[in-house]
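A.B. asks:
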Amino acid sequence: MTGEKQYDVIIVGGGNAALTAALASANEGAKTLMVEKAPEYLRGGNSYFTGGLFRFAYEGLEDILGVLDEMSEEEQAGIDVGSYNQAAFYSDIMRVTEGLSDPQLIQTLVGQSYPTMKWMKDEGVPWILAYGRQAFRHEGILRFWGGLIVEAVGAGKGLSDGLFEIVEKRGVDVRYETKATTLRTDNQGRIVGLTVKDSSGFQDLDSDSVILACGGFEANPEMRTRYLGPGWELAKVRGTQFNTGDGIRMALDIGAQSFGHWSGCHAVAWDLNAPPTGDRNVADLFQKHSYPFGLIVNVEGNRFVDEGADFRNYTYAKYGREILFQPQRAAFQIFDQKTKHLLRDEYSVAQVSMAESNTIEGLAEGLDIDKDQLVKTIAEFNGAVQEGEFNPTVLDGKHTEGIEPPKSNWAVPIDEPPYLGYAVTCGITFTFGGLKINDTTHVLDTEDYAIPGLYAAGELTGGLFYHNYPGGSGLMAGAVFGKIAGGEAARYALSGE
Numbered sequence: 062m063t064g065e066k067q068y069d070v071i072i073v074g075g076g077n078a079a080l081t082a083a084l085a086s087a088n089e090g091a092k093t094l095m096v097e098k099a100p101e102y103l104r105g106g107n108s109y110f111t112g113g114l115f116r117f118a119y120e121g122l123e124d125i126l127g128v129l130d131e132m133s134e135e136e137q138a139g140i141d142v143g144s145y146n147q148a149a150f151y152s153d154i155m156r157v158t159e160g161l162s163d164p165q166l167i168q169t170l171v172g173q174s175y176p177t178m179k180w181m182k183d184e185g186v187p188w189i190l191a192y193g194r195q196a197f198r199h200e201g202i203l204r205f206w207g208g209l210i211v212e213a214v215g216a217g218k219g220l221s222d223g224l225f226e227i228v229e230k231r232g233v234d235v236r237y238e239t240k241a242t243t244l245r246t247d248n249q250g251r252i253v254g255l256t257v258k259d260s261s262g263f264q265d266l267d268s269d270s271v272i273l274a275c276g277g278f279e280a281n282p283e284m285r286t287r288y289l290g291p292g293w294e295l296a297k298v299r300g301t302q303f304n305t306g307d308g309i310r311m312a313l314d315i316g317a318q319s320f321g322h323w324s325g326c327h328a329v330a331w332d333l334n335a336p337p338t339g340d341r342n343v344a345d346l347f348q349k350h351s352y353p354f355g356l357i358v359n360v361e362g363n364r365f366v367d368e369g370a371d372f373r374n375y376t377y378a379k380y381g382r383e384i385l386f387q388p389q390r391a392a393f394q395i396f397d398q399k400t401k402h403l404l405r406d407e408y409s410v411a412q413v414s415m416a417e418s419n420t421i422e423g424l425a426e427g428l429d430i431d432k433d434q435l436v437k438t439i440a441e442f443n444g445a446v447q448e449g450e451f452n453p454t455v456l457d458g459k460h461t462e463g464i465e466p467p468k469s470n471w472a473v474p475i476d477e478p479p480y481l482g483y484a485v486t487c488g489i490t491f492t493f494g495g496l497k498i499n500d501t502t503h504v505l506d507t508e509d510y511a512i513p514g515l516y517a518a519g520e521l522t523g524g525l526f527y528h529n530y531p532g533g534s535g536l537m538a539g540a541v542f543g544k545i546a547g548g549e550a551a552r553y554a555l556s557g558e
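In this text, residue positions in the sequence shown follow the numbering used here: the first is 62, and each later residue adds one.
1. Taking C-alpha atoms, which residue in Phe491, Asp259, Gly482 lies nearest to Trp563?
2. Give, in chain order, every unbroken run of the beta strand (DSSP E) that is at least 3 residues long and sits entirely within the segment 388–414.
3. List the residues that DSSP assigns as beta-bridge partners of Gln348.
4. Taking Ala411 as the reference, give the member of Glu462, Asp332, Trp471 with the closest Cα.
5. Can you name the start and end residues of the alpha helix (DSSP H) that Thr438 belongs to?
6. Whole angstroms are fine: how far does the CA of Ile489 sit from the CA of Val233?
7. If I measure Cβ to Cβ from Gly64 and keep anything under 6 Å in the same chain, skipping five residues before and after, which residues do I get?
8. Please identify the residue among Asp153, Thr81, Leu521 whose C-alpha is closest to the C-alpha of Ala606.
9. Helix, strand or coil for Glu131? Go by DSSP, reduced to three states.
10. Can you find at least 3 beta carbon pairs, one from the segment 138–156 and one from the segment 114–126, that sit closer than 8 Å?
11. Please list, in chain order, all residues of the same chain as Leu404 whose beta carbon is under 6 Å from its beta carbon, the five residues on each side excluded.
12. Going by other Cβ atoms of all chains shown within 10 Å of its Cβ, with 16 needed for buried, is Phe393 buried or exposed?
13. Excluding sequence positions up to five away, which residues of its chain have a Cβ less than 6 Å from the Cβ of Ala78?
14. Let's test the definition: count the other Cβ atoms within 10 Å of the Cβ of Asn334 and tell me whether it reaches 16, buried, or not, exposed.
15. Any chance the segment 284–301 sits against the segment 380–389, with 3 or more Cβ pairs inside 8 Å?
16. Tell me, which residues are paired with His528 by DSSP?
17. Among Asn88, His528, Val541, which residue has its Cα nearest to the Cα of Ser324?
18. Pull up the distance between the alpha-carbon of Lys379 and that of Ser152, whole angstroms please.
19. As a quick exercise: from Ser270, Leu80, Val485, Ile498, pick the residue whose alpha carbon is nearest that of Ser414.
20. Per the contact definition of three or more C-beta pairs closer than 8 Å, is the segment 223–237 in contact with the segment 86–96?
21. Ignoring anything shorter than 4 residues, give me the alpha helix (DSSP H) runs that lie fully in the segment 222–293, in order along the chain.
22. Using beta-carbon positions only, say whether Gln173 and Val541 come within less than 8 Å of one another.
23. Is the segment 273–287 touching the segment 98–111, taking contact as three or more C-beta pairs under 8 Å?
24. Of all the options Thr301, Ile72, Ser162, which has the alpha carbon lying nearest to the alpha carbon of Gly106?
25. Measure from the alpha carbon of Val455 to the alpha carbon of each residue in Phe372, Tyr377, Glu361, then state which is nearest.
26. What are the boundary residues of the beta strand (DSSP E) that includes Arg198?
27. Can you give me the start and stop residues for the alpha helix (DSSP H) that Pro467 sits inside?
28. Check each candidate in Gly427, Ile189, Tyr530, Asn470 and name the one with the smallest Cα separation from Asp130.
29. Beta-carbon separation of Arg251 and Pro513 under 8 Å?
30. Taking only runs that begin and end inside the segment 103–180, name each unbroken alpha helix (DSSP H) of 4 or more residues, in chain order.
31. Flag this pair as yes or no: are the beta carbons of Arg39 and Thr438 separated by less than 8 Å?
32. If you draw a straight line from the C-alpha of Gly254 to the C-alpha of Glu508, how long is it?
33. At which residues does the beta strand (DSSP E) containing Thr490 begin and terminate?
34. Span of the beta strand (DSSP E) holding Val541?
35. Can you find the residues in the same chain that come closer than 6 Å, C-beta to C-beta, to Pro353, ignoring five residues on each side of it along the sequence?
36. DSSP three-state label for Ser86, please.
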């Protein structure tokens, strides 16, 4: 192995966290390299497969206008964005993670969320309101809900392609089909570079700092089974096939501290017949997230979760786990014509696994569900629905009584044919366990000291999410901590310390 051109900062990865880190590093004047394991045509990490939604704190419409390019007065008059302040964002994370998230990291995420959105806009990332995903018309007004209302133009693909174009214009070098294998340190434990492997073999790259931003271990069946538990090797992977835990392993090998919820992950309802890993054309449209307005049953015809426990933003990331452990790892979302208009766009893609029938018996046959039990389950559910106003823009309290599990909100009888059923399984998005960092993204060793020159951002950092997460927090965390990491790594390298 021979030395190569000197870089100030080397970033491992090619998703949202890596790209924002590269941009921040280049802005500091550092000579910056990104090494991406994937070929160029498969670049972008998990970010490419997302809907591009970012959760951030804002006080009202004026703040939203501050991150959008333009919005007419007529458009402003027809929407209600509400407000979602820092206290609400912080509270939501702590609530859904059972109070386990690292307070210091969450305070940084929440406090830097809006400034980071503004920074990305100023750097050339365009944003739009998420009309198709996060708004329902109620009393003539489009009301946005759940604190998640802005997405990147072009969703994950637009975000990824746009950021790559920006960083390349800033002079960041990108090497594709280049796998990072080893972090190089001197005899004092400081980072001095990285060993990589490409088509020509192993090479040593010299740098003063390294940022790890190459995802978790969600695409590694062996690691999923070891840390998440038996059965997880059978889950479908929503995103990239290249997130196999390389960055975590390299850091642990030089004494980094493991941290976070190693047996936890983000997993959702995913089309039953989706491919084993992400499809770059369908992207996130294999997901099925309108279940709060219907029922979820297994192949035996039984319900097993409270579909209306909360806004889907706060339940979808944990319900995939529930589906994985149902018979045949399958579940079915059932709707009638009363709520069909509320189904998200993903229910209309050509690749959807669904059935339609004028009878519940016919629907059961079309989906291969136990017919008698499905008929019984729906009859019992319909009989348990209580009176009240149905309102999809709020937790409406329209619930069931006398059945288990209950449905806490948006409970309406399934009685208006034709009936629709969608077949889903578990799709894993990312893993929650990873490396311990501080609020400046320095990777810490097992004694809580910063490893000089080593930084991390994105899915491979631990301590942010436990059990669950609020939708849109992952991309926001990647950008917040990616931006911080890029600046910190560049300043460290340029300081000559």
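Positions of the beta carbon are idealized from the N, C-alpha and C atoms, including for glycine.
C.D. replies: Looking at the atomic coordinates:
1. In the structure displayed, the chain extends from 62 to 558; residue 563 sits before or after that span and is not available.
2. Fully enclosed beta strand (DSSP E) runs of 3 or longer: 392–396.
3. Gln348 pairs with Trp331.
4. Nearest C-alpha to Ala411: Asp332.
5. From DSSP, the alpha helix (DSSP H) with Thr438 extends over 432–445.
6. The alpha-carbon of Val233 is positioned some 31 Å away from that of Ile489.
7. Residue confidence is low: Gly64 scores 44 on pLDDT, short of 50, so the model does not pin down where it sits. Its coordinate-derived value is still stated next. Closer than 6 Å at the Cβ level, and outside the excluded window around Gly64, lie Asp265, Asp267.
8. This structure cannot settle anything about residue 606, because the visible part of the chain is limited to 62 through 558.
9. In this structure, Glu131 counts as coil in the three-state DSSP scheme.
10. Touching, yes, given that three or more Cβ pairs across the two stretches are closer than 8 Å.
11. So the list reads Ser351, once near-sequence residues are dropped.
12. Phe393 comes out buried.
13. If we look at Ala78 and ignore the five residues flanking it on each side, its Cβ neighbours are Ala274, Ala518, Gly519, Gly539, Gly543.
14. Within a 10 Å sphere around the beta-carbon of Asn334 sit fewer than 16 other beta-carbons, which makes this residue exposed.
15. Verdict: yes, contact present.
16. DSSP lists no partner for His528.
17. Closest option to Ser324, Cα to Cα, is His528.
18. Here the alpha carbon of Lys379 sits roughly 18 Å from the alpha carbon of Ser152.
19. Taking the Cα of Ser414 as reference, the smallest distance to any Cα among Ser270, Leu80, Val485, Ile498 is reached at Val485.
20. Contact between the segment 86–96 and the segment 223–237 is present: three or more C-beta pairs spanning the two stretches fall below 8 Å.
21. If we require 4 residues or more, the segment 222–293 turns out to have no alpha helix (DSSP H) run fully inside it.
22. The Cβ-Cβ distance between Gln173 and Val541 falls below 8 Å.
23. Touching, yes, given that three or more Cβ pairs across the two stretches are closer than 8 Å.
24. If we check each option's Cα against that of Gly106, Thr301 comes out closest.
25. If we check each option's Cα against that of Val455, Phe372 comes out closest.
26. That run of the beta strand (DSSP E) goes 196–199.
27. No alpha helix (DSSP H) holds Pro467; DSSP gives it neither H nor E.
28. For Asp130, the nearest C-alpha among the options comes from Ile189.
29. Yes. Within cutoff.
30. Runs found: 122–126, 134–138, 147–157.
31. Here the chain comprises residues numbered 62 to 558, so residue 39 is not present and cannot be evaluated.
32. Per the coordinates, the alpha-carbon of Gly254 lies some 23 Å from the alpha-carbon of Glu508.
33. Going by DSSP, Thr490 is part of the beta strand (DSSP E) stretching over 480–492.
34. Under the DSSP assignment, Val541 falls outside any beta strand (DSSP E), being part of the alpha helix (DSSP H) whose first and last residues are 534–556.
35. Once the five neighbours on either side are set aside, the close Cβ partners of Pro353 are Glu368, Gly369, Arg373, Trp471.
36. Residue state, collapsed to three classes: helix.
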